[in-house]
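Take a look at the structure set out below.
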Amino acid sequence: MGIVAFEWAEGKTNQLTLLMNRDNWENRVISGASWSRNGQILSGRCKANNGTWFGITKGGRVAFLVNTSLLLDRVKSYSGSELYPVRFLEGNMSPEQFANEVKVHEKETNERHAYSLIVADMTSSSMVHILKPSDTKSDVVIETVPFGVHTLSSYEGLDSTDSARDLLLRRLFTQMVGNLGNVQQRQMEEIAGRFMYDAQAGRDAVFYHSRDEHPNGKLGTQRFGTTSTTALVVKRTREVLLFEKYMEQNGAWNKNNFTFNIHTRDPMVWSEAGGLSCTQEYRGKVKVWFGYKEGRVVFLSNSHEHDIHPDLMPSFFERTLPKRKLKPLGLTCNYVLVADINTGSLVYVSKDERRLRVNDVGHGVHTISVYGFDACILRDDMLKVKFNEMIARHAKLPPIKNIVEDLMMKSPFFIDSVDGAGKKVRYRTVRTLGMDIKANRPQGRFYERHLNDNGEWVG
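FYI, our numbering numbers position 118 of the sequence shown as 254, with every residue one higher than the one before it.
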């Protein structure tokens with residue numbers, strides 16, 4: 137079980153402010169919040185199934201869950217709604233895409249859980265509520281969470297108007313967030329303690345505590361109630377503040393404090409050993425999608441999940457490779473360009489469900505996009521035409537900076553944060569890159585611009 141109050145704000149200092157109490161039986165072993173092994177996901181975990189009820193990543197993904205399984209102590213290894221937050225935090229699906237995947241999964245399996253799950257992406261300002269109201273039916277309800285103050289509870293879902301516990305928390309929380317302003321880390325414990333520890337209202341109290349017969353009669357009478365309080369503030373500046381008070385197995389209460397910044401895009405990086413590379417985060421891991429080293433170039437298109445190694449050369453590839461050879465090579469990506477300026481060779485590598493195909497690329501102007509190599513798509517064709525026109529207007533190729541700024545940072549190749557009607561869009565250009573490498577001269581000229589975590593174009 138559990139209960140949450142949160143403000144999903146538009147235009148305020150704090151993008152997300154959250155207070156959450158988790159309730160469970162005392163026999164359940166649940167750890168306090170800590171960083172994952174790769175240092176990207178902050179969450180507590182249930183020992184029985186390694187699931188979580190709350191987590192946040194350095195990439196700005198947030199998930200929090202309340203369910204009835206903890207009341208009934210229905211926790212099984214490798215299953216349960218507690219695994220959904222983990223999957224969202226580790227993945228790169230948008231909240232909407234993830235919600236639809238959960239809906240399909242529940243329809244196919246119906247694991248007999250009832251829950252309310254919120255998944256959000258701070259970088260795209262998107263938040264979705266996933267509700268499975270019945271543990272006997274597979275129906276899942278999906279709704280976009282509007283900006284404002286909300287509550288979330290196990291039986292009542294989002295914004296209950298019937299539950300006395302929800303209404304009490306909503307009233308207290310609304311009064312508090314109206315005067316928060318620019319929160320500092322030292323204030324987080326005081327914010328959590330204003331009313332989240334209040335047990336005066338009995339079974340309607342925000343902090344719940346009782347002794348009852350465990351659903352498993354062999355375990356006898358146990359404490360059931362609040363075993364952790366989490367306070368979270370995500371600022372518009374991408375600073376994250378988190379405080380947690382949680383109960384150990386021996387009944388003692390401990391505290392955790394965390395501060396970090398949401399970071400989504402790294403600039404182009406140079407190193408003597410690795411050369412030049414661009415990276416992105418996926419499932420808590422840093423993936424390389426572009427690399428240049430000693431005249432060799434690799435570029436990966438249309439895959440957030442996979443990465444490439446800059447040491448690859450065109451001569452590495454056979455004309456076709458059977459699927460069984462792909463895994464040892466780590467080559468399960470969709471579209472890759474691999475060039476070796478030293479030998480004047482360029483190959484295009486594509487993958488279908490059965491084979492990895494390697495094709496030589498002839499001289500001339502080409503495009504590569506999510507639709508493939510030289511795809512007959514309007515946007516791809518327009519880019520080829522515009523690029524040819526730019527070349528025709530000059531006796532020699534303009535500086536790469538000019539090409540990037542005059543071509544790639546203009547519509548329709550550059551997708552802005554608002555559309556022609558002035559509406560915000562969630563799918564947009566976040567990086568543009570140009571390179572110019574002359575024949576028989578491995579030294580290259582590069583120009584890169586990317587959208588940093590403050591919403592500024594830098595490079």
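Yeah, the Cβ is synthetic: ideal placement off N, Cα and C, and Gly gets one too.
Just so it is clear, the structure is predicted and the values come from calculations on it, not from any experiment.
For this session: Would you check if the distance between the CB atom of Arg158 and the CB atom of Trp189 is smaller than 8 Å?
Result: Contact flag set, yes.
Exercise. Which residues does DSSP pair with Asp348 in a beta bridge?
Worked result: Gln358, per the DSSP bridge assignment.
Exercise. Less than 8 Å separating the beta-carbons of His345 and Asp209?
Worked result: For His345 and Asp209, no; Cβs fall outside 8 Å.
Exercise. Can you tell me whether DSSP reads Thr365 as helix, strand or coil?
Worked result: Taken through DSSP and simplified to helix, strand or coil, Thr365 comes out as strand.
Exercise. Nearest to Phe396 by CA position, among Asn174, Glu162, Trp144 and Thr193, is which residue?
Worked result: The shortest Cα separation from Phe396 among Asn174, Glu162, Trp144 and Thr193 belongs to Thr193.
For this session: Apply the 10 Å Cβ neighbour rule to Ser547 and answer buried if 16 or more other Cβ atoms are within range, or exposed otherwise.
Result: Exposed, because fewer than 16 other Cβ atoms sit within 10 Å of the Cβ of Ser547.
Exercise. Got a sec: does the ligand NAD put a non-hydrogen atom nearer than 7 Å to the Cβ of His350?
Worked result: Absent from the structure shown: the ligand NAD. Ligands present: none.
Exercise. To the nearest angstrom, how far is it from the Cα of Lys243 to the Cα of Trp593?
Worked result: Using only the alpha carbons, I get a separation of about 43 Å.
Exercise. So, Val198 versus Ala256, is the Cβ gap smaller than 8 Å?
Worked result: Closer than 8 Å, so yes.
Problem set entry | Extent of the continuous alpha helix (DSSP H) to which Arg164 belongs | No residue range can be given for Arg164, since it is assigned to no alpha helix (DSSP H) and is classified by DSSP as neither H nor E.
Problem set entry | Nonlocal neighbours in the same chain, by C-beta distance under 6 Å from Glu325, ignoring five residues either side | So the qualifying residues of the chain are Phe379.
For this session: Take Ser296 and list the residues in its own chain whose beta-carbon comes closer than 7 Å to its own, dropping the five residues that flank it on each side.
Result: Closer than 7 Å at the Cβ level, and outside the excluded window around Ser296, lie Thr287, Ser289 and Asp302.
Exercise. Any idea if Trp425 is buried or exposed, counting beta-carbon neighbours within 10 angstroms, 16 or more meaning buried?
Worked result: Per the 10 Å Cβ criterion, buried.
For this session: Report yes if the C-beta distance between Met263 and Gln151 is below 8 Å; otherwise report no.
Result: Not in contact: Met263 and Gln151 (Cβ atoms no closer than 8 Å).
Problem set entry | Same chain only: Cβ atoms within 8 Å of Thr272, ignoring 5 sequence neighbours per side | For Thr272, same chain residues with a beta-carbon under 8 Å away, outside a window of 5 residues either side, are Arg248 in chain order.
Exercise. So is Lys461 buried or exposed if we call it buried at 16+ other beta carbons inside 10 Å?
Worked result: Annotation note: pLDDT 46 at Lys461 (below 50); position unreliable, no value reported.
For this session: Go ahead and pull the three-state DSSP assignment for Thr568.
Result: In the structure shown, Thr568 sits in a strand (DSSP, three-state: E or B).
Problem set entry | Residues near Val485 by beta carbon distance below 6 Å, same chain, minus five either side | Here Val485 has Val472 and Val494 as same chain residues with Cβ atoms under 6 Å from its own Cβ, once five neighbours each way along the sequence are excluded.
Exercise. Since Arg493 is in the beta strand (DSSP E), which residue starts that stretch and which ends it?
Worked result: Counted as a single uninterrupted DSSP element, the beta strand (DSSP E) harbouring Arg493 occupies residues Arg491 to Asp496.
Problem set entry | Of the listed residues Lys429, Gly168 and Glu162, nearest to Lys381 (C-alpha basis) | Closest by C-alpha distance to Lys381, out of Lys429, Gly168 and Glu162, is Gly168.
Exercise. Are Thr149 and Arg372 closer than 8 Å when you measure CB to CB?
Worked result: Yes. Within cutoff.
Exercise. So, helix, strand or coil for Ala145, using DSSP?
Worked result: Reduced to three states, the DSSP call for Ala145 is coil.
Problem set entry | For Glu441, the three-state DSSP class (helix, strand or coil) | Note that Glu441 has pLDDT 47, beneath the 50 cutoff, so the model's placement of it is unreliable and the number below is only indicative. Glu441: coil per DSSP, three-state reduction.
Exercise. Taking contact to mean at least 3 C-beta pairs separated by less than 8 Å, is the region 352-361 in contact with the region 306-313?
Worked result: In short, these stretches do not touch, since the Cβ pair count stays below three.
For this session: Could you tell me the distance, in whole angstroms, from the CA atom of Leu587 to the CA atom of Ile551?
Result: Near 12 Å, if we compare the C-alpha coordinates of Ile551 and Leu587.
Exercise. Straight-line CA distance for Phe523 to Trp406?
Worked result: Phe523 and Trp406 have their C-alpha atoms roughly 28 Å apart.
Exercise. Applying the criterion that 16 or more other CB atoms from any shown protein chain within 10 Å of the CB defines a buried residue, is Glu430 buried or exposed?
Worked result: The residue in question, Glu430, is exposed, as its Cβ has fewer than 16 Cβ neighbours within 10 Å.
Exercise. Going straight from the alpha carbon of Ala531 to that of Glu525, what length do you get?
Worked result: Cα-Cα distance, rounded: 12 Å.
Exercise. Taking the C-alpha atoms as reference points, what is the distance between Arg347 and Asn160?
Worked result: Straight-line Cα distance between these residues: approximately 12 Å.
For this session: Below 8 Å on the Cβ atoms is my guess for Leu305 versus Val342; work out the distance and round it to an integer in Å.
Result: Sure, about 5 Å apart at Cβ, within 8 Å.
Exercise. Since Val222 contacts Gly138 with CB under 8 Å, what's their CB separation in whole angstroms?
Worked result: Not quite, the Cβ-Cβ distance comes to about 16 Å (not below 8 Å), so this is no contact.
Problem set entry | Within 8 Å, strictly: CB atoms of Leu219 and Gly187 | In contact: Leu219 and Gly187 (Cβ atoms closer than 8 Å).
For this session: Measuring alpha carbon to alpha carbon, tell me which of Val497, Leu492 and Arg491 ends up nearest Leu482.
Result: That would be Val497, whose Cα lies nearest to the Cα of Leu482.
Exercise. Could you check where the beta strand (DSSP E) with Gly387 kicks off and where it finishes?
Worked result: For Gly387, there is no enclosing beta strand (DSSP E), since its DSSP letter is neither H nor E.
Exercise. Which word fits His499, buried or exposed, when buried means at least 16 other C-beta atoms lie within 10 angstroms of its C-beta?
Worked result: His499 comes out exposed.
Problem set entry | Gly195 classed as buried or exposed, judged by whether at least 16 other C-beta atoms fall within 10 angstroms | Residue environment: Gly195 is assigned as buried (16 or more neighbouring CB atoms within 10 Å of its CB, all protein chains considered).
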